[in-house]
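One structure is given below, encoded as structure tokens.
Residue numbers (our numbering): -1 to 180.
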């Protein structure tokens, strides 16, 4: 899988080109991961998550796979390079949006949107709506990353607390059962 702007010497976005083979491999990996879970709906001009299997749904209860806005941008760029969606306006613009304080900024454009249910799977913005009316995906910084990490583990922590609480409550019965069995 090749990113077409790397192959086109006439491309004027030199600043956007990956500078090292490591960076190129990282982008290709992100594009492949994003491709496995997302699709472009040309009829409604939406970027959507693919329907989940039963196993993926159960896995999402405990650990949601989240994707960076950087991966979204490079995945969309890859789709347009493959000429799959050239009849549409490119859905995301970067770095020239006037949001102060962030070195890399993204904005939806051309009438494209992302449903609210799917926005929770995107991280590391900022991603703004078309016309910069609202921030759809905030930039996760400092304590926000810690809070996201805690939210990811909350289901596991609650389950463990329930098991520990049950063990403490029924300790005499459990220890007696353990003595009989072993």
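In this text, a Cβ means the ideal position worked out from N, Cα and C, and glycines have one as well.
By the beta-carbon neighbour count (other beta carbons within 10 angstroms, threshold 16), residue 155 is exposed.
Minimum Cα-Cα distance from residue 121 among the listed residues 109, 127, 129, 134 corresponds to 134.
Using a Cβ distance threshold of 7 Å, residue 45 and residue 104 do not count as a contacting pair. Restricting attention to beta strand (DSSP E) runs no shorter than 3 residues, the segment 68 to 155 encloses them at 90 to 92, 104 to 106, 133 to 135, ordered along the chain. For residue 74, the CB contacts under 6 Å within the same chain, skipping 5 residues up- and downstream, are 89, 90 in chain order.
When secondary structure is reduced to three states using DSSP, residue 61 falls in the coil class, being assigned neither helix nor strand.
Per the C-alpha coordinates, the member of 119, 125, 115, 113 positioned closest to residue 106 is 125. Contact between residue 142 and residue 61 does not hold, since the beta-carbon distance rounds to 18 Å and is not under 8 Å. Under the criterion of beta carbons closer than 8 Å, residue 38 and residue 83 qualify as touching, at roughly 6 Å. Looking at the backbone, the Cα of residue 168 and that of residue 63 are separated by about 36 Å.
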